[in-house]
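Below is one structure, written out as structure tokens; the observations come after it.
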Amino acid sequence: MLGRNLVVGVTIDLPVRRLRALLPLLLVALGLAHCGPPARDGAAPQRRVLVIGIDGMDPQLLRRYMDAGDLPHLSRLARTGGWKPLATSMPPQSPVAWSNVIAGGGPGSHEIYDFIHRDPHPAEPALSIRPYLSTATTEPPAVTRQVGMGDWRLDLASPTTTLRRQGPTFWSHLVEAGIETTIYRMPANYPVLDVPGARGHRCFQCLSGMGTPDLLGNYGTFTVYTPDAPIQGQTVPGGRFEFFWTEDHRGNGKITGPPNPYRKDGAELTVPFTAVRDPQRDLVRIEVADDLVLLQEGEWSKWIQLRFKTGLRDVPAMVRFFVRQVHPDLELFMTPINIDPTDPVEPISVPTEFARRIAEATGLYDTIGIPQHAPEVQRGGLDASQWLEKTRMILDQRIRQFDHALGGFEAGCLFFYFGAVDLVSHIYWRDQDPDHPAHDPEAARQFGDVIADTYRRMDGVVGKALDAMRAEDVLIVLSDHGFTSFRRQFNLNTWLKDEGYLSLKNPSLASNKVFANYDWTETRAYGVGLNGLYLNLAGRERDGIVSPAERDALKQQITEKLLAVRDTDGAQVIARVYDVAAFYPGADAAIAPDLLIGYARHYRASWATLLGDTSKHVLEDNFDRWSGDHCIAAHLVPGVLLANRPITADAPALVDIGPTILELFGRGASADMKGKSVLGE
Numbered sequence: 012m013l014g015r016n017l018v019v020g021v022t023i024d025l026p027v028r029r030l031r032a033l034l035p036l037l038l039v040a041l042g043l044a045h046c047g048p049p050a051r052d053g054a055a056p057q058r059r060v061l062v063i064g065i066d067g068m069d070p071q072l073l074r075r076y077m078d079a080g081d082l083p084h085l086s087r088l089a090r091t092g093g094w095k096p097l098a099t100s101m102p103p104q105s106p107v108a109w110s111n112v113i114a115g116g117g118p119g120s121h122e123i124y125d126f127i128h129r130d131p132h133p134a135e136p137a138l139s140i141r142p143y144l145s146t147a148t149t150e151p152p153a154v155t156r157q158v159g160m161g162d163w164r165l166d167l168a169s170p171t172t173t174l175r176r177q178g179p180t181f182w183s184h185l186v187e188a189g190i191e192t193t194i195y196r197m198p199a200n201y202p203v204l205d206v207p208g209a210r211g212h213r214c215f216q217c218l219s220g221m222g223t224p225d226l227l228g229n230y231g232t233f234t235v236y237t238p239d240a241p242i243q244g245q246t247v248p249g250g251r252f253e254f255f256w257t258e259d260h261r262g263n264g265k266i267t268g269p270p271n272p273y274r275k276d277g278a279e280l281t282v283p284f285t286a287v288r289d290p291q292r293d294l295v296r297i298e299v300a301d302d303l304v305l306l307q308e309g310e311w312s313k314w315i316q317l318r319f320k321t322g323l324r325d326v327p328a329m330v331r332f333f334v335r336q337v338h339p340d341l342e343l344f345m346t347p348i349n350i351d352p353t354d355p356v357e358p359i360s361v362p363t364e365f366a367r368r369i370a371e372a373t374g375l376y377d378t379i380g381i382p383q384h385a386p387e388v389q390r391g392g393l394d395a396s397q398w399l400e401k402t403r404m405i406l407d408q409r410i411r412q413f414d415h416a417l418g419g420f421e422a423g424c425l426f427f428y429f430g431a432v433d434l435v436s437h438i439y440w441r442d443q444d445p446d447h448p449a450h451d452p453e454a455a456r457q458f459g460d461v462i463a464d465t466y467r468r469m470d471g472v473v474g475k476a477l478d479a480m481r482a483e484d485v486l487i488v489l490s491d492h493g494f495t496s497f498r499r500q501f502n503l504n505t506w507l508k509d510e511g512y513l514s515l516k517n518p519s520l521a522s523n524k525v526f527a528n529y530d531w532t533e534t535r536a537y538g539v540g541l542n543g544l545y546l547n548l549a550g551r552e553r554d555g556i557v558s559p560a561e562r563d564a565l566k567q568q569i570t571e572k573l574l575a576v577r578d579t580d581g582a583q584v585i586a587r588v589y590d591v592a593a594f595y596p597g598a599d600a601a602i603a604p605d606l607l608i609g610y611a612r613h614y615r616a617s618w619a620t621l622l623g624d625t626s627k628h629v630l631e632d633n634f635d636r637w638s639g640d641h642c643i644a645a646h647l648v649p650g651v652l653l654a655n656r657p658i659t660a661d662a663p664a665l666v667d668i669g670p671t672i673l674e675l676f677g678r679g680a681s682a683d684m685k686g687k688s689v690l691g692e
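Take any residue in the sequence shown, note its place counting from 1, add 11, and you have its number in the working numbering.
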């Protein structure tokens, strides 16, 4: 990756690379490019297992909408086989939950515990603790080798991005058995890895999902071009506001990409663009690269493919523009810079050409892991109506891809992920919750049905799937977790400070990001991520002070105090606290939190907690657009499981999905999986 944070190394071995490129052709020539045994004339068609993952579908809302007659196809599926709540992971965060599905086991198996992990002993001497995104990390080469000439350099060894999810994958067992398997956007699966032993280039096809970065190496960085920005620009979480001025109705801007990897000064790559507005009408012409688009105010552009010039090789990418305003001041919004699926610079699919084939069949598409980028609406890049339009465009594209995948689904296993329900539930929950502190009746009239409408869109997808099923086929619809209102936020680190477990060097500082203000000689516990609490353990943390002999007693003491926390109205804030060593036997103590905080319904960790900030108050109202959530105690937010076969388990769980898929193909759960099959015939 050319971005600031994530870089995927490329090993240059031309003969091997050429051989790999020719391998699919050789397999076709030899008649080996297929999975499983050859079909027999007149033989019964092979069983197909279609799994639709709907992130964030909630059992209470599902029941409400089905009872109201709004979801006829999901109701039909429930009558055909059945439906039940599906026990989620703890914590019920998407990277953790979907890893449970992938591995057939919990975090003790796959070692993903949160969106954010921490390095307790970072290589940087100035850091005591380094937070990082949990599912993938980038490491510099062990030995740095470089050839330089003037202002230019050529690195002979590159940083490498590594998938940090551990344990088995259900699809590897399928592919090794010769069962065709296609995976669309499974979260916690970037970079995509091939399956050893795959019998042909179409036996395993996989497109990466949540966790896939933009070209800058981030989860997403939007840009707003406006004359209201400071001349030097302004960075906000998840985006940037760039100063953009028009003279004689013409403005010149630039698309800022990653640093140039071939320049010693690391100068940022840029692509210039020009915007010319009509003097009278709300119309603007944007010229970028070799493209020209004509847009009205409030209109989205098509995907614009562009190339960053490094001086050695071009870096393909793509963006979309949205016209926020034409008069009196021209303002443009630009999406995060996406990896171009027709010419990907990163491993977003297996085989590499799979991403391109999807684009050729269905059109260009977002490749960033979470294209419904919430900071766009949280930080003022788009308003709630504009962001909703973008979200619906993305869902339209996903449904086109689903139609394409379903149309070519002849045998084996197809998994297809949809993220729309989750994202609209996060952003528009307050519009259907009169008790939310940020509920606004006028906004509720405009957005109060957004979540229900998105459930209805998913119902249409399920209807297409049901119509395509043959008698021997199996359809599974599941979600990773449910949802609830996020009304109040709890700052874990502020609470730890007030209780004497955490100490600051300078308590008067307003912000203590990345633990820069922590006095580690007096700190016994700290919070990172949405649900994790860590002890400052001697021998593990660089500046640890808690001895192993003190550990269990300290965990018990903190647990009892957390469970006793009450809000001003007497409501319990934290429903459960999980001791990870007991809850997940075998968990890697160097990675895992010591305690997992299971918040009560309507409460969640504050935004400041995620990266170690403290705030003035322990408890505060949540006025953010991000108003629905699920990162609480797992028993409060189960997902859903529906199938066209009987659900035989009383309490199915996410860890059962992988073993169930294997059992449907006669494989049985592997020894390294914890779950069991939960469907009958």
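Beta carbons are placed, not taken as given, at the ideal position from N, Cα and C, and that holds for glycine.
As the structure is a computational prediction, the values presented were derived from the model and not from experiment.
Query	Result
Between residue 176 and residue 123, which are expected to be in contact by the criterion C-beta below 8 Å, what is the C-beta distance as a whole number of angstroms?	6 Å
Over the uninterrupted beta strand (DSSP E) stretch that includes residue 423, give me the two end residues.	423-429
Considering only the alpha carbon of each residue, which of 145, 192, 680 lies closest to residue 699?	Shown here, the chain extends from 12 to 692; a query on residue 699 therefore has no answer.
Considering only the beta carbon of each residue, do residue 102 and residue 125 sit closer than 8 Å?	yes
Specify whether the stretch 662-676 and the stretch 93-101 touch according to this definition: at least 3 beta carbon pairs, one from each stretch, less than 8 Å apart.	yes
Would you mind working out which of 508, 63, 498 sits nearest residue 762, comparing C-alpha positions?	Residue numbering for the chain in the displayed model covers 12 to 692; residue 762 lies beyond these limits and cannot be assessed.
Below 8 Å on the Cβ atoms is my guess for residue 135 versus residue 141; work out the distance and round it to an integer in Å.	7 Å
If you count every other CB in all the chains shown that lies within 10 Å of the CB of residue 684, and 16 or more means buried, which is it?	buried
Report back the beta-carbon spacing between residue 515 and residue 491 to the nearest angstrom; my notes put them in contact at under 8 Å.	About 36 Å; that fails the 8 Å criterion.
Reducing DSSP to helix, strand and coil, say where residue 655 ends up.	coil
Could you tell me the distance, in whole angstroms, from the CA atom of residue 593 to the CA atom of residue 469?	38 Å
How is the beta strand (DSSP E) around residue 148 delimited, first residue to last?	147-150
Could you name each continuous beta strand (DSSP E) segment of 3 residues or more that falls completely within the stretch 273-327, going from the start of the chain to the end?	279-288, 294-299, 302-307, 315-320
Can you name, in chain order, every residue of its own chain whose Cβ lies under 6 Å from the Cβ of residue 396, other than the five neighbours on each side?	none
Could you have a look at residue 50 and say whether DSSP puts it in helix, strand or coil?	For residue 50, the predicted structure reports a pLDDT of 45, less than 50, and the residue's modelled location is therefore unreliable. A value from the coordinates is still provided. Of the three classes helix, strand and coil, the one that applies to residue 50 here is coil, per DSSP.
Please list the terminal residues of the continuous beta strand (DSSP E) segment that includes residue 610.	606-610
Which residue marks the beginning of the alpha helix (DSSP H) containing residue 504, and which one marks its end?	503-509
Who are the near neighbours of residue 283 in its chain, counting only those whose CB is closer than 6 Å to its CB and skipping five residues on each side?	265
Going straight from the alpha carbon of residue 115 to that of residue 493, what length do you get?	20 Å
In three-state DSSP terms, what is residue 197?	strand
Can you tell me which of 550, 422, 650 puts its alpha carbon nearest to the alpha carbon of residue 495?	650
Around the C-beta of residue 507, are 16 or more other C-beta atoms found within 10 angstroms, so that it is buried, or is it exposed?	buried
Report yes or no: do the stretch 260-277 and the stretch 403-418 share at least 3 C-beta pairs separated by less than 8 Å?	no
Identify which residue in 78, 88, 484 has its Cα closest to the Cα of residue 420.	484
Could you pull out every residue in the same chain whose Cβ sits closer than 7 Å to the Cβ of residue 37, ignoring the five residues on either side in sequence?	In this prediction, residue 37 has a pLDDT of 32, which is less than 50 and means its spatial position is unreliable; nothing more can be read from the coordinates.
Check this for me: beta carbons of residue 308 and residue 293, under 8 Å apart or not?	yes
I need the DSSP call for residue 142, collapsed to helix, strand or coil.	strand
Can you tell me which of the three DSSP states residue 85 falls into?	helix
Going along the chain, which residues of its own chain have a beta-carbon closer than 6 Å to the beta-carbon of residue 645, five neighbours each way excluded?	99, 101, 103
Label residue 547 either buried or exposed according to how many other C-beta atoms from any shown protein chain fall within 10 Å of its C-beta, with 16 as the threshold for buried.	buried
Looking at C-beta atoms only, is the number of pairs between the stretch 336-347 and the stretch 175-190 that lie closer than 8 Å three or more?	no
So, helix, strand or coil for residue 565, using DSSP?	helix
Compare the Cα-Cα distances from residue 632 to each of 518, 216, 614 and report the closest residue.	614
What are the boundary residues of the beta strand (DSSP E) that residue 585 is part of?	585-590
To the nearest angstrom, how far is it from the Cα of residue 84 to the Cα of residue 503?	43 Å
For residue 676, which residues of its own chain have a beta-carbon under 6 Å away from its beta-carbon, when the five flanking residues on both sides are left out?	190
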